[in-house]
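Residues 862 to 1451 in the working numbering are what the sequence shown lists, from first letter to last.
Glycine is no exception: its CB is placed at the ideal position from the N, C-alpha and C atoms.
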Amino acid sequence: MTESSSYASKSESLTKYLFKAPYWPLSLAISVGFSLIVGAGVLRTGSSFSLILDGVYRGFLLIGLPAILSSLLTPYVAEALGGNMTINRSALLSLFSSLIIGLFMVFALFLQYFGYQLIYDSFVMSLGVVFALRFLVLVAISDRRVINSSVPAFLMSFFGAIFLFLFVKELQYYLELLISSIIFGSAFYLITFYMDAPLRKAFGINGLDFLKGFINYQNSGVKELEKIFDEIGEEVKAPIGTIAFKKGEEIKAVIVSPSIHPGPVGELGGGNLPYTLAREIENKFNCTALIAHGAATHDFNLVSSKETSKILDAVYGSIESMEFGGGSESIREKEGDVKILSQRFEGGLLNISTLAPNPSEDIAFPIGYSTILNARLKGAGDLVFMDAHNCYWEELKGVYPGSPTSFDLIDASAKATDKALEKELDGVKVGVSTSKLDFSWEEGFGDLGIRVVLVEVKDQLTAYVFMDGNNMEKGLRERILNVLPVDHGEVLTTDNHVVNMKGDNPVGRNVEFDEIVREVEFLFKEAKEDLEPVEAGVDTRMAEDIEVFGSDMAAQLASTANAIIAMGGGLALAFIVSALALSVLAFLLA
């Protein structure tokens, strides 16, 4: 597996730890119901109905009511101390805390069969565990400062101890609570050091801040993580290829291929780059914008969505200085598994690479840039290189310098460039059609949906189908091209990582092929009706000082985070067992 595909799998595997807490009334209802069951089964002092009811009452006071109060108060206390906690997560945390208390008390009930009366001792010990658990969670997702997280963390244990006083008043139990809280709290605090150290040592960033930003991603957006990414990023220059079609003085359509990767995942960094670019270009020129995937791996992920403005500056500069004219007929060339669709326009040409029906992943920046330089040496002007990114199956393989495929790609592009240069420029007609669809990110489509551009030169019709998604299932490209009555065509995806919040999600996996094909056929008819004479132009220019993840940084960061999470469970268990043993010993000596 290549570095790019390895990073993709590792970064997307992190997203399995992301979830939305259920609506808080549901969590509280389960907590209360569970407390009543535990009360009836463990805290009753006899089998009569009145004694069972008394047990239910005790269960509610000791478990259910503290869960309700801590759920409602924790967000306010945490925010007052500078942290962040939603009520949904607070209620879910109280639910888990209730389950822990219940398990301790059920275990104490089991010990009664051996003559040990430890119901309230186990309850007090569980309050110490609950405090430690809540402290660990609040440090991770709210505020890493110990005091600021300790106060809201202790709320449920505090209310549990208050209501315990209604039934038992011996000082011993409260001493045990203090001991248990100190032991378990210290153990869980040591876990936070483990979570922080690897990322701090490897990247100079705070591991708890990274974990907090990652877990809070779905609630507080991208700002926390992007601030961290900014600390580890590095500046690069990247070519931004632009093709524009103009009717009179008005821009009709713009195609952009940035050598920037639209990742890492979700809306982080450049995760929704295609939509952001298209929206801004369309607002400025009142045109249709189509965004392709250039030659770039995850090393070229933007550290922040703010970096998008530098790409737009390059696009605007290209359009403003672009010379417009005609276009040529499109041609196909092949070398090994690589196929290139090429078409010449005033100022340069377009080369689109695909490996379909073989699986394909990202193409490394140096390879794409080599094709651009080769085209200039051949006198072709500016080359806009696009990675169709359109076949997903088996193990994905990126294209890296030195691989056989990289040489095939460079050679195929050179052959296509030579052949395209033989074609004379003539009048161009262009038609466009767009559809946002009703499909969601979870179904594999970004906000741009499907967009079709038809280019007609000398009665030859070429179709470019752009899908806002991350790769596509094997066979879908061929299904689409087979139904389009064109001389040449290609189906491209934007590689938009906004669709990857729950792992790999290629176009065609969660939406039927037939439905997608029907939509493309409809858009083709609309685009054909929209065909009209235009002038075309090509320009590629550098976007300066773009801050990206940098060489191998994305893969290393994802690997380190995965390792922390994978090993953290075992380490936490070891700490918990050790703390439990110390607590039992302390209880025996108290």
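Item	Value
Between the CA atoms of Ser983 and Lys881 - distance to the nearest angstrom	32 angstroms
Beta-carbon contacts of Pro1119 that lie in its chain and below 6 angstroms, excluding the five residues immediately before and after	Ile1101, Gly1155, Ile1172
Backbone secondary structure at Leu954 - three-state DSSP	helix
Cβ-based burial, Val1306 [other Cβ within 10 Å; buried from 16]	Rather than Val, the amino acid found at residue 1306 in this sequence is Phe. Counting Cβ neighbours within 10 Å, Phe1306 comes out buried, since at least 16 surround it.
Rounded separation between Ala1150 and Tyr1136 - CA only	9 angstroms
Contacts around Phe921, its chain only, beta-carbon distance under 8 angstroms, and the 5 residues preceding and following it disregarded	Val893, Ser896, Leu897, Gly900
From Asp1004, Met1017, Leu994, residue whose alpha carbon lies closest to that of Ile1052	Leu994
Residue-level contact to chain C via CB, Glu1096, 8 angstroms cutoff	Within the model displayed, chain C is absent; a lone protein chain is all it includes.
Endpoints, alpha helix (DSSP H) assigned at Val1313	No alpha helix (DSSP H) contains Val1313, which is instead part of the beta strand (DSSP E) from 1311-1318.
Where Thr1295 falls: helix, strand or coil (DSSP)	strand
Backbone CA spacing between Lys871 and Val1007 [nearest angstrom]	A caution first: Lys871 carries a pLDDT of 48, below 50, which makes its placement in the model unreliable, though a value can still be read off. Cα to Cα, Lys871 sits roughly 31 angstroms from Val1007.
Own chain partners of Ser1274 with C-beta closer than 6 angstroms, once the 5 adjacent residues on each side are dropped	Ile1201, Asn1212, Thr1232
DSSP beta-bridge partners of Glu1408	Glu1096
Inter-stretch contact at 8 angstroms, needing at least 3 Cβ pairs: the segment 1330-1338 / the segment 1347-1363	yes
Where Val1029 sits in the DSSP three-state scheme	coil
Where Lys881 sits in the DSSP three-state scheme	coil
Proximity winner among Cys1148, Asn1331, Gly1046, Ile1311, relative to Trp1254 (alpha-carbon distances)	Asn1331
Secondary structure of Lys1290, DSSP reduced to three states	strand
Ala1324, DSSP secondary structure in three states	strand
Assigned exposure category for Ala952 - 16 Cβ within 10 Å defines buried	buried
At least three beta-carbon pairs within less than 8 angstroms, the segment 1365-1375 to the segment 1289-1297	no
Inter-residue spacing [alpha-carbon to alpha-carbon] between Met862 and Ala1157	Because the pLDDT at Met862 is just 40, under 50, the model does not fix this residue reliably, and the point stays unresolved.
Nearest neighbour of Thr1278, chosen from Val1029, Leu1210, Ala1249, Gly1229 [CA to CA]	Leu1210
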